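Every letter in the sequence shown is one number past the one before it in the numbering used here, and letter 13, counting from 1, is 14. Just so it is clear, CB atoms sit at the ideal spot from N, CA and C, and this is done for glycine as well. Computed from a predicted structure; not experimentally measured.
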Amino acid sequence: MRVTHMQCTHHQGFDWYRGLPAGFEQKTSFTDDRRRSVSWFLHRLPERTETMSDHSDDPVISLEIDADGTIEREIDGKWQHAKLRDDTLTLTPAGAPCNWHWMGKPLDIVDVYLPKELLQSTWYEMHRARGSEINLSPLLQLKDTGLSFLLRSLVASGNSAHTHSALLRETLTNHIIVYVLGLSGAILRADPVPTSQLSLPQTRRVQEFVEARMDRNISLDDLAEIAGVSKSHFLRLFRNRTGQTPYAYLTERRLQHAADLLAQSGLPIGEISARCGFNSQAHFAQVFRARHGITPREYRKLMLN
Numbered sequence: 002m003r004v005t006h007m008q009c010t011h012h013q014g015f016d017w018y019r020g021l022p023a024g025f026e027q028k029t030s031f032t033d034d035r036r037r038s039v040s041w042f043l044h045r046l047p048e049r050t051e052t053m054s055d056h057s058d059d060p061v062i063s064l065e066i067d068a069d070g071t072i073e074r075e076i077d078g079k080w081q082h083a084k085l086r087d088d089t090l091t092l093t094p095a096g097a098p099c100n101w102h103w104m105g106k107p108l109d110i111v112d113v114y115l116p117k118e119l120l121q122s123t124w125y126e127m128h129r130a131r132g133s134e135i136n137l138s139p140l141l142q143l144k145d146t147g148l149s150f151l152l153r154s155l156v157a158s159g160n161s162a163h164t165h166s167a168l169l170r171e172t173l174t175n176h177i178i179v180y181v182l183g184l185s186g187a188i189l190r191a192d193p194v195p196t197s198q199l200s201l202p203q204t205r206r207v208q209e210f211v212e213a214r215m216d217r218n219i220s221l222d223d224l225a226e227i228a229g230v231s232k233s234h235f236l237r238l239f240r241n242r243t244g245q246t247p248y249a250y251l252t253e254r255r256l257q258h259a260a261d262l263l264a265q266s267g268l269p270i271g272e273i274s275a276r277c278g279f280n281s282q283a284h285f286a287q288v289f290r291a292r293h294g295i296t297p298r299e300y301r302k303l304m305l306n
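Okay, here's the thing in structure tokens:
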């Protein structure tokens with residue numbers, strides 16, 4: 002299968018849903034920038050999709066409603082395959098890039114993003130275990146009527162005129178998290194926590210700083226100051242949290258932003274290069290080709306065809 006659409010979904014942006022591929026339909030959604038409740042998106046898939054690439058910083062539970070078809074997904078370097086019928090749940094771990102493909106009847110799907118820090122803090126309250134970072138297991142197909150009911154209730158709450166809708170969403174979020182943490186260990190995994198890493202709030206501040214100033218020179222000193230730690234300490238803490246150096250992360254975000262602009266705007270390539278913080282158009286073309294295997298001009302032509 003050929004990957005024809007690439008987006009990265011980050012928990013402060015959800016850009017994938019703002020630029021759905023042709024044939025997809027956005028229905029309803031809710032995002033909570035305060036991260037006191039889950040964010041969710043209800044959209045409709047066509048009968049057949051190309052292979053999509055996706056990634057989230059938060060664990061995701063997807064509810065396929067009245068499904069009738071086949072889904073394939075590559076995650077952690079392994080392909081999964083399942084025939085889906087009726088209401089089915091799919092679990093995607095945080096920090097796990099995946100490729101997926103759908104073929105069957107048009108399908109309504111709800112993607113529910115669990116704030117990672119809420120999942121972690123609730124798990125600690127239940128088990129008093131600080132030595133691990135909790136995450137979802139990469140399950141392509143899970144049948145659970147209780148969890149399906151909670152996700153349907155979440156969507157229904159978004160369509161209601163409830164007087165205390167924010168409290169209702171937060172209550173449903175707590176129910177969902179406690180329910181998930183109380184299920185069989187097969188749906189959860191506990192990853193060892195590095196002995197020292199940036200906290201989630203520190204990481205989000207750094208990510209938001211990068212997104213807001215991508216067109217400018219961003220130094221290691223700038224990022225360390227935003228995180229509130231020394232420069233030498235920041236390098237180690239950031240890599241422990243993300244698995245990347247700050248330079249690699251910044252380059253990845255600039256390349257992703259450039260790819261989005263190439264596919265979704267008519268801006269000249271030189272202007273896109275400047276907006277994404279590259280030193281020159283030639284440097285941008287060199288880095289972009291090393292990452293994607295084609296030039297920015299060729300990428301734009303491919304995306305527009």
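Can you check the region 140 to 209 for any alpha helix (DSSP H) of at least 4 residues that lies completely inside it and give the ranges in chain order? 146 to 159 and 166 to 182
Euclidean distance between Cα positions of Gln282 and Ile227: In the sequence shown, counting from the first residue as 1, residue 282 sits at position 281. In the sequence shown, counting from the first residue as 1, residue 227 sits at position 226. The straight-line gap from Cα to Cα measures roughly 29 Å.
Taking only the alpha-carbon atoms, compute the straight-line gap between Gln287 and Phe279 and give it to the nearest angstrom. On the sequence shown, position 286 is the one that residue 287 refers to. On the sequence shown, position 278 is the one that residue 279 refers to. One C-alpha to the other measures close to 10 Å.
DSSP state of Gly271, grouped into three classes? The residue given as residue 271 occupies position 270 in the sequence shown. Looking at Gly271 - three-state DSSP - the assignment turns out to be helix.
Contact between the region 40 to 50 and the region 76 to 91 (3+ Cβ pairs under 8 Å): In the pairwise beta carbon analysis, the region 40 to 50 is classified as not touching the region 76 to 91: fewer than three pairs are separated by under 8 Å.
What distance in whole Å lies between the Cβ atoms of Leu137 and Leu189, which are believed to be in contact at a cut-off of 8 Å? Reading the sequence shown from its first residue, position 188 is the one you call residue 189. Reading the sequence shown from its first residue, position 136 is the one you call residue 137. About 7 Å; that satisfies the 8 Å criterion.
Rounded C-alpha distance that separates Ile270 from Leu303: In the sequence shown, the residue the question calls residue 270 occupies position 269. In the sequence shown, the residue the question calls residue 303 occupies position 302. Each residue's alpha carbon lies about 15 Å from the other.
Counterpart residues of Ser122 in DSSP-defined beta bridges: Here residue 122 refers to the residue found at position 121 of the sequence shown. According to DSSP, which records beta bridges pairwise, Ser122 is partnered with nothing at all.
The beta strand (DSSP E) with Leu21 in it runs from where to where? What you label residue 21 is simply residue 20 of the sequence shown in a count that begins at 1. Run containing Leu21: none; DSSP gives neither H nor E here.
From which residue to which residue does the alpha helix (DSSP H) around Ile66 run? Taking the first residue of the sequence shown as 1, we reach residue 66 at position 65. Looking at the DSSP string, Ile66 is not in any alpha helix (DSSP H); the run it does join, the beta strand (DSSP E), is Val61 to Ile76.
Near Val113, what residues of its chain come up, given a Cβ to Cβ distance below 8 Å and the 5 sequence neighbours on each side ignored? Here residue 113 corresponds to residue number 112 of the sequence shown, with the count starting at 1. Excluding residues within five positions, the ones whose Cβ falls inside 8 Å are Val39, Ser40, Trp41, Val61, Ile62, Ser63, Leu64, Leu152, Leu155 and Ile177.
The alpha helix (DSSP H) with Ala83 in it runs from where to where? As a working mapping, residue 83 is identified with position 82 in the sequence shown. Careful: Ala83 lies outside any alpha helix (DSSP H), inside the beta strand (DSSP E) at Lys79 to Thr93.
Identity of the residue in Thr123, Val181, His128 and His165 nearest Thr146 by Cα: Numbered from 1 along the sequence shown, position 145 holds the residue referred to as residue 146. For the residues Thr123, Val181, His128 and His165, the minimum Cα distance to Thr146 belongs to Val181.
According to DSSP, which residues form a beta bridge with Leu43? In the sequence shown, the residue the question calls residue 43 occupies position 42. Note: Leu43 sits in a beta bridge opposite Thr29 and Val111.
Simplified DSSP state of Met2, which is helix, strand or coil: Along the sequence shown, one-based indexing puts residue 2 at 1. Only weak support is given to the placement of Met2: the predicted model assigns it a pLDDT of 30, under 50, and the value that follows is read from those uncertain coordinates. Three-state DSSP puts Met2 in coil, outside helix and strand.
Alpha-carbon to alpha-carbon, Thr252 and Arg44: Position 43 of the sequence shown, counted from the start, is the residue given in the question as residue 44. Position 251 of the sequence shown, counted from the start, is the residue given in the question as residue 252. Looking at the sequence provided, one finds His at residue 44 rather than Arg. Near 31 Å, if we compare the C-alpha coordinates of Thr252 and His44.
Report yes or no: do the region 69 to 77 and the region 24 to 34 share at least 3 C-beta pairs separated by less than 8 Å? no
CB of Leu46 within 9 Å of CB of Trp124, strictly: What you label residue 46 is simply residue 45 of the sequence shown in a count that begins at 1. What you label residue 124 is simply residue 123 of the sequence shown in a count that begins at 1. For Leu46 and Trp124, no; Cβs fall outside 9 Å.
Selected residue, minimal CA-CA separation from Pro247, among Ala259, Asp261, Arg19 and Lys232: Numbered from 1 along the sequence shown, position 246 holds the residue referred to as residue 247. For the residues Ala259, Asp261, Arg19 and Lys232, the minimum Cα distance to Pro247 belongs to Lys232.
So, at 8 Å on beta carbons, what are the nonlocal neighbours of Arg237 in its own chain, with the 5 sequence-adjacent residues on each side left out? On the sequence shown, residue 237 is found 236 positions in, with the first residue counted as 1. Answer for Arg237: Ser197, listed in chain order.
Buried/exposed call for Leu168, threshold 16 Cβ in 10 Å: Your numbering for residue 168 matches position 167 in the sequence shown. Exposed, since its Cβ has fewer than 16 Cβ neighbours within 10 Å.
Quick one: what's got a C-beta closer than 6 Å to Arg49's C-beta in the same chain, skipping five residues either side? Within the sequence shown, numbered from 1, the residue matching residue 49 stands at position 48. Correct list, in chain order: Met104.
Using the Cα positions of Gln208 and Arg292, report the straight-line distance between them to the nearest angstrom. Reading the sequence shown from its first residue, position 207 is the one you call residue 208. Reading the sequence shown from its first residue, position 291 is the one you call residue 292. Cα to Cα, the separation comes out at about 21 Å.
Cutoff 7 Å; reference Arg290; Cβ partners in own chain excluding five residues on either side: The residue you call residue 290 lines up with position 289 of the sequence shown. Excluding positions up to five away in sequence, the list reads Thr296.
Interface flag, Glu212 vs chain D, CB-CB below 9 Å: No chain D is present in this structure, which holds just one protein chain.
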